[in-house]
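Since the structure comes first, as C-alpha cells, the remarks are kept for the end.
There are 4 protein chains.
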Amino acid sequence: MSSSVSGDRPRDVAHLSAVELFSHVPEETVDFFVRLMAFSEVARDGDSVYLHAWDDYERFTVKVTGASRPGIGRTWLRAAGPQALERRVEHLERTGFGGTWVDGEVGIGRTYLFHDPDGHDFGLYWDTEWYAETQWDERPRPALKNQAEPFPGRGANIRRIDHVNYLAADVPAAGAFLRDQLGGQLTEQIVQDDGVPSAVWYHLGEKTYDLVHTADRTGSSGRLHHVAFAVDQREDILRAADVFLEAGVHIETGPHKHAIQQTFFLYVYEPAGNRIELCNAGARLVLAPDWRPVSWTAAERAKGQAWGLKTIDTFHTHGTPPVD
Amino acid sequence: MSSSVSGDRPRDVAHLSAVELFSHVPEETVDFFVRLMAFSEVARDGDSVYLHAWDDYERFTVKVTGASRPGIGRTWLRAAGPQALERRVEHLERTGFGGTWVDGEVGIGRTYLFHDPDGHDFGLYWDTEWYAETQWDERPRPALKNQAEPFPGRGANIRRIDHVNYLAADVPAAGAFLRDQLGGQLTEQIVQDDGVPSAVWYHLGEKTYDLVHTADRTGSSGRLHHVAFAVDQREDILRAADVFLEAGVHIETGPHKHAIQQTFFLYVYEPAGNRIELCNAGARLVLAPDWRPVSWTAAERAKGQAWGLKTIDTFHTHGTPPVD
Amino acid sequence: MSSSVSGDRPRDVAHLSAVELFSHVPEETVDFFVRLMAFSEVARDGDSVYLHAWDDYERFTVKVTGASRPGIGRTWLRAAGPQALERRVEHLERTGFGGTWVDGEVGIGRTYLFHDPDGHDFGLYWDTEWYAETQWDERPRPALKNQAEPFPGRGANIRRIDHVNYLAADVPAAGAFLRDQLGGQLTEQIVQDDGVPSAVWYHLGEKTYDLVHTADRTGSSGRLHHVAFAVDQREDILRAADVFLEAGVHIETGPHKHAIQQTFFLYVYEPAGNRIELCNAGARLVLAPDWRPVSWTAAERAKGQAWGLKTIDTFHTHGTPPVD
Amino acid sequence: MSSSVSGDRPRDVAHLSAVELFSHVPEETVDFFVRLMAFSEVARDGDSVYLHAWDDYERFTVKVTGASRPGIGRTWLRAAGPQALERRVEHLERTGFGGTWVDGEVGIGRTYLFHDPDGHDFGLYWDTEWYAETQWDERPRPALKNQAEPFPGRGANIRRIDHVNYLAADVPAAGAFLRDQLGGQLTEQIVQDDGVPSAVWYHLGEKTYDLVHTADRTGSSGRLHHVAFAVDQREDILRAADVFLEAGVHIETGPHKHAIQQTFFLYVYEPAGNRIELCNAGARLVLAPDWRPVSWTAAERAKGQAWGLKTIDTFHTHGTPPVD
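Protein sequence lines, in the order shown, are assigned to chains A, V, H and P.
Reading the first sequence from the start, the letters are residues 108 to 431 in this note's numbering.
Reading the second sequence from the start, the letters are residues 108 to 431 in this note's numbering.
Reading the third sequence from the start, the letters are residues 108 to 431 in this note's numbering.
Reading the fourth sequence from the start, the letters are residues 108 to 431 in this note's numbering.
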C-alpha cells in the first residue's frame with residue numbers, strides 16, 4: 108500500500124478573487140472587458156474602474172487602473188475565515204513577508220497588503236460585499252437566484268476569474284512563497300535540464316491551478332504573463348475567437364489544448380497589451396490532498412501543446428509591462 | 108460592509124472518492140459501466156468488480172457488488188491527511204457516530220467505517236493506491252501523463268465521479284450530519300412550505316456539491332436517489348444520450364439544465380435500476396467560504412427546471428432498492 | 108441491385124429565402140429579433156421592418172409587419188435562375204395555381220405571387236440584392252469576406268433561416284402542392300392510423316427539410332406552426348436557452364432532439380406569439396435524389412422525442428393567428 | 108436592382124458518394140477507419156475492404172485497396188437520376204472526356220468511368236444499394252430509422268464523407284472540368300498574384316464544397332491532398348483530437364477554423380500517409396444559384412487561418428502518393 112507522507116496542508120487562503128490591471132488606455136481596456144468579455148462596470152474610483160464577471164459572488168473581479176504602462180497591480184485573495192486571515196497574517200509576519208493593513212476599497216473590507224519575493228502585490232482579506240446583497244436593488248437580477256448577475260449572452264460571456272500567471276525572476280523562490288506562505292499545492296511544473304523549475308502551477312482548492320509563476324527571461328521582476336478567465340464550455344472559446352476576430356483584437360495563439368494541465372485555451376491581448384487567457388478545464392479537478400506534481404521536461408515541451416501546436420515565440424517573450 | 112460570521116470550517120474530508128453499487132444483474136451493470144460509460148475493470152474480488160474512471164487518480168471509482176436487490180453500498184471519502192483522518196474519527200466517536208476500523212480493500216488502506224443517521228454506509232481513509240503508480244506497468248498509459256488512464260473515446264467517456272444523492276427519511280438530520288460530522292457546507296436546498304428542508308446539497312471543497320440528501324417519500328432509510336458522474340462538456344451529455352438511445356438504456360429525463368445548482372444533466376437507469384446521472388457544471392464553482400445557501404420553495408420548484416422542463420414523476424418515486 | 112425509379116426531379120426552386128411575420132406588437136417583435144436573435148435592421152417601409160441574419164447573402168431574412176394579429180404573411184422562394192423562374196410560373200399557371208407578378212420590394216425584384224391550396228402566400232423571384240454589394244459601403248463589414256455581416260456575438264447568433272412549418276387544413280393537398288408545383292421532395296412524414304399523413308417534411312436541395320405542413324386541428328387555413336432559424340452548433344441552442352430565460356421569453360419546449368429528422372431544437376414564442384424554432388441539424392443532409400421518405404406512425408410518435416421527451420400539449424394546439 | 112446573369116446550371120451530378128484509398132498497409136488503414144473513425148466493414152473483395160459511415164444511405168463510403176503506395180483511387184459520384192446519368196455521359200463523350208461503362212461493384216450498379224484532366228479516376232452511376240434495404244436484416248439496426256446504422260459512439264463518430272481535395276498540376280483546367288463537365292459551381296478560390304487560381308472549391312448542391320483542386324507544387328498528376336469526413340459538431344473534432352492523440356495518429360494541424368469556407372478542421376495522416384480531414388461547417392451553406400465566388404489573395408492567405416494559425420509547411424508539401 109503506497110502511503111503518502113503529505114496531506115494536512117493549511118487551507119487559510121480560500122481563493123483568488125480579483126486582479127488589478129494597469130492600462131495606459133483604460134477606457135479601451137474597460138470597453139474590451141465590458142463589450143467583448145461581458146463584464147459589467149460596477150464602480151469608478153479615481154483612475155480606477157471596477158468590473159464584475161456575472162458569476163462572481165463578490166463585488167468586483169477586475170479593477171482597471173489608468174497608468175503609464177500596462178501590467179498587473181494587486182491580486183486579491185480571500186481568506187477562509189476571520190481566524191484563517193489572522194493566522195495567515197501572523198505567519199507572513201513571522202516569516203519575514205509581513206506587510207500592512209489598509210482599510211480596503213470598493214467591495215472589500217480591511218485588507219492585509221504584502222508582496223511575493225518577486226515584488227507582485229497581494230491583498231488578503233475576509234470582509235467582502237456580496238454582489239447579490241448590495242447590487243440587486245439597483246441592478247438587473249438574474250433569472251436564477253444562484254448566480255450573481257444575469258447571464259449576459261454577449262461576446263465571450265466570461266463566468267469568473269480563473270488564475271493569474273506571473274512572470275518571476277526567480278521561479279523557485281516565487282513558488283516556495285506560494286507553498287510556504289500561502290499554503291498552495293504544486294500541481295504541475297516545467298523543469299529545465301538543470302533541474303530548476305522554470306514554471307510552477309499552484310492551486311489552493313480543487314481547481315487545478317490558481318497562481319502560476321513563469322520564468323521572466325528578461326530577469327525583470329513583478330511582471331505579468333497573463334490573467335485567465337473561465338468560460339463554461341470549450342465552445343464558448345471557439346465562439347469568443349470569432350468575437351475577437353470581428354473586433355480586431357489580437358489573437359496570439361489558440362484555441363488549442365495545453366498538454367500541461369490540459370486546459371483548453373485562447374490567448375489575446377487586451378488593448379493595453381496585457382495578455383488575457385480564456386480557459387476551460389472541462390471537469391478536470393485536482394482532488395488529491397497529496398497530489399504528486401507532474402513535471403515536464405524541455406524535451407517533452409518541444410512536442411508542442413496537446414494536439415501538436417507549437418508554442419508561439421511571443422508566448423516566451425511578451426509580458427507586461429514591456430521591458431525597455 | 109457586510110461581514111460574514113462563518114468561514115473557518117474544518118476541512119478534514121478532502122473528497123468523495125468512490126461508491127459501491129448493488130446489482131442483481133452484476134455483469135449487466137458492469138457492462139453498462141465499461142462499454143457505455145467507458146470505465147475500465149481493474150479488479151475482481153468475490154462478488155465485486157472494481158471499475159475505474161479514466162481521470163480518477165485512485166485505484167477504483169465504482170465497486171459493483173452482486174446482491175439480491177439494487178441500491179447503494181459503501182461511499183468512500185478520502186481524508187485531507189493522516190492527521191485529518193485521526194481528527195475526524197475522534198470527532199465521530201465523540202459525537203456518537205463512531206464505527207470500526209477495517210483493513211481496507213482493493214486499492215485503499217485502513218478504513219474507518221461508520222453510518223449516517225439514515226443508515227448509509229461510509230468509509231473514511233487516507234492510504235490509497237495511485238492508479239499511475241500501480242497500474243501503468245501492466246495497463247495502457249495515457250498520452251498525457253497528467254491523467255490516469257488513456258482517454259477512452261467510447262460511449263459517455265466519464266471523467267470522474269461527481270456526487271451521490273441519497274434518499275433519507277429525515278433530511279434535516281442527514282444534512283446536519285454532513286455539516287457537523289463531515290465538515291460539509293450547505294450550498295443549496297429545497298425548503299418546504301413548513302420550513303423543513305426536503306433536499307440539501309452539501310459540498311466539501313470548491314465543487315458545488317458532493318453529497319446530497321433528498322426526502323424519501325416512502326419513509327424508508329438507506330436508499331439511493333442517484334450517483335452522478337462528470338463529463339467534460341455539455342456536448343458529451345448530448346452524445347451520451349444517443350449512445351444510451353442506441354443501447355436501449357432507459358433515459359428517465361434530460362438532457363436539460365437544473366435550476367438548482369444549474370447543472371446540465373441526463374438521468375438513466377443502469378440495468379439493475381440504480382439511477383445514474385451524467386452531469387456537467389460548466390465552470391461553476393462555489394468558492395465562498397461563507398456561501399449563503401440558496402433556498403428554493405415549492406412554488407419556485409413548480410416552474411420546472413431552468414428552461415422549463417417539468418420534473419418527471421418517477422424522479423420523485425423511483426429509488427433503489429425498491430420499496431415493497 | 109435495387110434500382111430506384113425516381114430521381115430527375117425539377118430543381119427550379121433554389122431555396123427558401125425569407126418570411127414575413129405579422130405582429131400586433133411589432134416593435135417588441137423587432138426587438139426580439141435584433142437583441143436576442145442577433146438580426147440587424149436593414150430597412151423600414153410603411154408598417155414593415157426588414158431584418159437580416161448575419162449569413163444571409165440577400166438583403167433580408169425576416170419582414171416584420173404590424174397587423175392586428177400574429178401569423179405568417181408571405182414566404183419568399185428564390186428560383187434557380189431566370190429560366191427556372193419562367194418555367195415554374197408557366198407550370199403554376201398551367202396547373203391552376205397561377206398568381207400575379209408584382210414589382211418586388213426591399214431587396215428583391217420582380218416577384219410572382221401565388222398561394223398554396225391552404226391559402227399561404229408565396230413569392231417566387233430571381234432578381235435579388237446581394238447584401239455585400241449593397242450594404243457593405245454603409246454598414247459594418249465582416250472580418251471574413253465569405254459571410255455577409257460581422258458575426259454578432261450576441262444572444263442566439265442566428266446564422267440563417269432554416270425552414271417554415273405551416274399549419275394546413277388538408278395536409279396531403281398541401282404536400283402535393285410542394286411536390287408537384289414547387290418540385291419539393293418528401294423526406295419524412297407522420298402517417299395516421301388511417302394512412303393519411305398529418306405532417307409532411309419537404310426539401311428543395313440537400314437540407315433535410317425546408318417547407319413543412321402540419322395538420323391544423325382546428326380546421327383553419329393559412330396559419331403558422333413555426334418558423335425555424337439555424338445556428339451553427341447545438342451549444343448555441345443551449346446558450347440561447349439561457350438568453351431567453353434571462354429575457355423572460357416563453358420557452359415552450361426543448362432543448363432536445365427530434366426523432367423525426369433528428370434536429371436539435373428549442374421552441375420559444377416571440378412577443379406576438381408566433382412560435383420560433385432554433386435548430387441545428389449537425390452534419391445531417393438528405394443527398395439521395397431518390398430518398399425513401401421515412402414514415403412515422405402514431406405509435407412511434409407516442410414514444411416521444413429522440414431521447415424520450417414527451418411532446419408538450421401546446422405543440423399540438425398553439426398556432427398563429429389564434430383561432431377564436 | 109443587381110440582376111445576376113448566371114443560375115440555371117445543370118444539376119445532373121447529385122453528390123459525392125464514396126472514395127477509394129490506396130494503402131500499402133491496408134489492414135492498418137482499415138483499423139484506423141473502423142476503430143478510430145467509427146466506420147463499419149461491410150464487404151471484402153480481392154484486395155479491397157469496403158467501409159461504411161453510419162449515416163451514409165448507400166452501401167459503402169470508403170474502399171480501402173491494398174497497393175504499393177498510398178493515394179486516391181476512384182471517386183464515385185451519384186447522378187441525379189437515370190436521365191441525368193445519360194445526359195451527363197453523353198456530355199462527357201461529346202466534349203472529349205468520354206470513358207467506359209463497367210458493371211459496377213459492391214453496392215453500386217452500372218458505372219461510367221472517366222478521368223479528369225489531371226488523371227483522377229471517377230465513376231458516375233445511378234443504381235445503388237440502400238444500406239437499410241440490404242444490410243438491416245443481418246446487421247444492427249439504428250434506434251431511429253432515419254439513419255442507416257446505429258450511432259457508433261466510438262472514436263471520431265464520422266457521420267459521412269464531406270469532400271475530396273485533389274492535387275492537380277493544372278488547377279484552372281481541373282476546375283473547368285468540374286464546372287463544364289460535372290456542373291459544379293465555384294464557391295471560393297485562391298488566386299495567385301499572376302491571376303491564376305492555385306486552389307478552387309466547387310460544390311454540387313447546397314454544401315459549400317464537394318470537390319476541390321489544389322496546385323501540386325511538384326507538377327505531378329493524379330495525386331491526393333486529402334479526403335474529408337463530416338462530424339456533427341465542432342466538439343466532435345476536439346474530442347477526436349484526443350482520440351488520435353491517444354492512438355498515436357499523426358495530427359498535422361488543427362483543430363482550427365479555416366478562413367476559406369470557414370470550416371472547422373483537423374488534419375491527420377492515416378497509417379498509409381493519406382491525409383484525412385475531419386470537418387464541421389456549422390450551419391453554413393451556399394444556397395445562391397448565382398453565388399459570387401470568393402477569391403483570396405496570397406497576401407490574405409499570409410494572415411493565416413481564421414483565428415491566426417499559420418498554415419503548416421507540410422500542408423503545402425505532403426500529398427499521396429509521395430513524389431520520388
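Note that beta-carbon positions come from the ideal geometry of N, C-alpha and C, so glycine has one too.
Quick one: what's got a C-beta closer than 6 Å to residue i's C-beta in the same chain, skipping five residues either side?
i, result
"Phe284/A", "Asp223 and Pro224"
"Gly205/A", "Leu199"
"Ile215/P", "Tyr232 and Thr235"
"Leu192/V", "Ala186 and Trp233"
In whole angstroms, what separates the C-alpha of residue i from that of residue j?
i, j, result
"Val112/V", "Trp237/A", "Because Val112/V sits at a pLDDT of 47, beneath the cut-off of 50, its placement in the model cannot be relied upon, and the following sentence gives the value as read from the coordinates. C-alpha separation (whole angstroms): 13 Å."
"Pro279/P", "Ala306/P", "8 Å"
"Pro378/H", "Ala160/A", "29 Å"
"Gln190/V", "Arg324/V", "39 Å"
"Glu256/A", "Asn264/H", "21 Å"
"Thr235/H", "Leu123/H", "13 Å"
"Asp317/A", "Ile268/A", "9 Å"
"Trp308/A", "Arg266/A", "22 Å"
"Asp138/P", "Leu345/V", "27 Å"
"Trp403/P", "Ala348/A", "21 Å"
"Pro247/P", "Ala145/P", "14 Å"
"Ala174/V", "Thr202/V", "32 Å"
Assuming contact is defined by CB atoms lying nearer than 8 Å, are residue i and residue j in contact in what I supplied?
i, j, result
"Arg292/H", "His270/H", "Rather than Arg, the amino acid found at residue 292/H in this sequence is Gln. Not in contact: Gln292/H and His270/H (Cβ atoms no closer than 8 Å)."
"Val126/A", "Leu184/A", "no"
"Glu342/V", "Glu342/P", "yes"
"Gly426/V", "Thr418/V", "no"
"Ala187/H", "Gly114/P", "yes"
"Ser147/H", "Val171/H", "no"
"Ala335/H", "Ala390/P", "no"
"His320/V", "Gly290/V", "no"
"Thr168/A", "Phe229/A", "no"
"Arg151/V", "Thr241/V", "no"
Within a Cβ cutoff of 8 Å, which residues of the same chain sit near residue i, ignoring the five residues on either side of it in sequence?
i, result
"Pro400/A", "Leu293, Thr294, Glu295 and Gln296"
"Ala413/V", "His363, Lys364, His365, Ala366 and Gln369"
Below 7 Å CB to CB, which residues in the same chain sit around residue i once its five sequence neighbours on both sides are set aside?
i, result
"Ala405/A", "Gln299 and Asp300"
"Val375/H", "Phe351, Val356, His357, Ile358, Glu359 and Ile383"
What residues of chain D sit near residue i, judged by a beta carbon separation below 8 Å?
i, result
"Glu342/H", "Reference to chain D is not applicable here, since the protein chains of this structure are A, V, H and P."
If distances are taken between C-alpha atoms only, which option among the options comes closest to residue i?
i, options, result
"Leu128/V", "Val303/V, Gly355/V, Leu251/V and Leu331/V", "Leu331/V"
"Val141/H", "Pro247/H, Val196/H, Pro259/H and Leu394/H", "Pro259/H"
"Leu220/H", "Ala348/H, His227/H and Trp208/H", "Trp208/H"
"Val303/V", "Glu313/V, Ala322/V, Gly290/V and Tyr157/V", "Ala322/V"
"Arg195/V", "His320/V, Thr315/V, Thr218/V and Gly211/V", "Thr218/V"
What does residue i touch in chain H if you count any residue whose Cβ is under 7 Å from its own?
i, result
"Asp460/A", "No answer is possible for residue 460/A: the residues shown for chain A start at 108 and end at 431."
"Leu345/V", "Arg341"
Just to make sure I have the definition right: I need the residues of chain H whose C-beta is within less than 8 Å of the C-beta of residue i. Which are they?
i, result
"Lys252/P", "Val401"
In chain P, what lies closer than 8 Å to residue i by C-beta?
i, result
"Pro257/V", "Glu353"
So residue i contacts chain A; which residues on that side make the cut at Cβ distance below 7 Å?
i, result
"Gly262/H", "Gly260"
What residues from chain A crowd round residue i, counting only those whose CB sits closer than 9 Å?
i, result
"Gly389/P", "Within chain A, no residue comes near Gly389/P; the closest Cβ sits about 10 Å away, beyond 9 Å."
Which residues in chain V have a C-beta closer than 7 Å to the C-beta of residue i? List them in chain order.
i, result
"Gly415/H", "Ile358"
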